[in-house]
Ligand code: ADP
Ligand code: MG
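The structure is reproduced here in structure tokens:
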């Protein structure tokens with residue numbers, strides 16, 4: 495077990511487009527049992543698009559989309575980008591008292607209306623009646639889309655179904671990881687139905703959904719308490735605490751700087767094959783040293 499061969503392993507990883515921070519990271523990566531994946535931007539491409547718009551209570555599509563986009567201009571969430579993009583070329587209005595409601599959505603005020611945009615949990619928390627959208631919410635989520643609801647003055651106005659495609663090679667990469675013997679878990683703030691639909695497509699074993707940003711690190715800790723040795727793979731700012739809590743944090747190269755700074759391993763290619771390459775290399779390197 496010479497430090498020399500670990501250094502060589504770190505160097506070899508770089509040839510695969512995998513940046514390993516130090517020898518300790520490679521050592522820990524050789525004994526993992528469970529791999530936890532963020533959904534948006536990690537399993538999926540992270541470029542969501544509005545696939546459907548449904549209207550309620552006499553609101554027009556133009557009105558609803560323009561207001562939703564005016565709100566989302568202030569957000570950095572991938573869902574926000576989808577809505578702003580869909581409203582391209584439309585007039586935006588000035589939103590006051592803009593607020594980001596972590597894990598739920600956004601809110602703000604126009605001169606005469608108050609706006610709320612986000613998931614069902616957010617609208618229910620504000621006692622807004624979503625029963626007219628109930629069936630659509632279920633069918634969209636079951637189809638792997640994320641429903642985003644707009645409420646105006648406490649009334650449901652629109653439902654945007656947002657679709658984010660799995661990365662083209664996620665299924666194959668996860669198959670390799672299964673063959674390598676890991677348990678595969680998805681950890682997401684999105685709702686359980688959407689999460690399960692994507693998990694099934696991807697070949698994930700276990701889903702932890704509806705997790706608030708603060709809860710992601712806790713979820714990793716809970717797996718560790720069960721005796722698992724855990725890698726967390728993520729791309730977002732809100733993945734950073736979970737990346738830090740994990741035995742090995744792995745960041746997608748295209749992701750946020752905070753995720754990359756926190757992670758022990760960074761994938762330079764936007765592909766989960768990098769995870770399979772890195773872990774196989776870690777095992778190979780450490781095995782050779784025994
Ligand atoms: P994740 O990064 O795992 O998707 P988040 O905590 O960022 O988790 O978001 C959880 C959920 O909160 C989203 O799936 C969405 O329903 C809602 N949400 C968060 N931010 C926004 C936003 N800017 N616009 C609409 N919905 C949002
Ligand atoms: Mg993400």
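Numbering (full-length UniProt numbering), first residue to last: 495 to 784. Built from N, CA and C at the ideal position, the CB exists for glycine as well. Small disclaimer: the values here were computed from a predicted structure and weren't measured.
Can we count residue i as close to ligand 2, meaning its CB is less than 6 Å from some heavy atom?
i	result
residue 535	yes
residue 585	no
residue 532	yes
With burial defined as no fewer than 16 other Cβ atoms inside 10 Å of the residue's Cβ, what is the status of residue i: buried or exposed?
i	result
residue 573	buried
residue 502	exposed
residue 588	exposed
residue 768	buried
residue 634	buried
residue 724	buried
residue 733	buried
Measuring only from the beta carbon, is residue i closer than 6 Å to any heavy atom that is part of ligand 1?
i	result
residue 729	no
residue 764	no
residue 660	no
residue 571	yes
residue 600	yes
residue 516	no
residue 623	no
residue 753	no
residue 684	yes
residue 707	yes
residue 697	no
residue 568	no
residue 613	yes
residue 574	yes
Grab the span of the alpha helix (DSSP H) containing residue i for me, first residue to last.
i	result
residue 768	767-782
residue 688	686-696
residue 709	709-719
residue 545	First-last for residue 545: 543-549, but that is the beta strand (DSSP E), not the alpha helix (DSSP H).
residue 556	555-566
residue 579	572-580
residue 723	Element bounds for residue 723: n/a, residue is neither H nor E.
residue 628	628-636
Return yes when the C-beta of residue i is under 6 Å from any heavy atom of ligand 4, and no when it is not.
i	result
residue 642	Questions concerning ligand 4 fall outside what the structure shown contains, since the ligands it does hold are ligand 1 and ligand 2.
Kindly identify the DSSP beta-bridge partner or partners of residue i.
i	result
residue 759	514, 744
residue 644	611, 652
residue 799	With the chain running from 495 to 784 in the structure shown, residue 799 is simply not present.
residue 737	BP columns for residue 737 are empty, so no partner.
residue 601	593, 610
residue 583	DSSP output for residue 583 lists no bridge partner at all.
With respect to the beta strand (DSSP E) encompassing residue i, which residues constitute its N-terminal and C-terminal limits?
i	result
residue 593	590-595
residue 700	700-702
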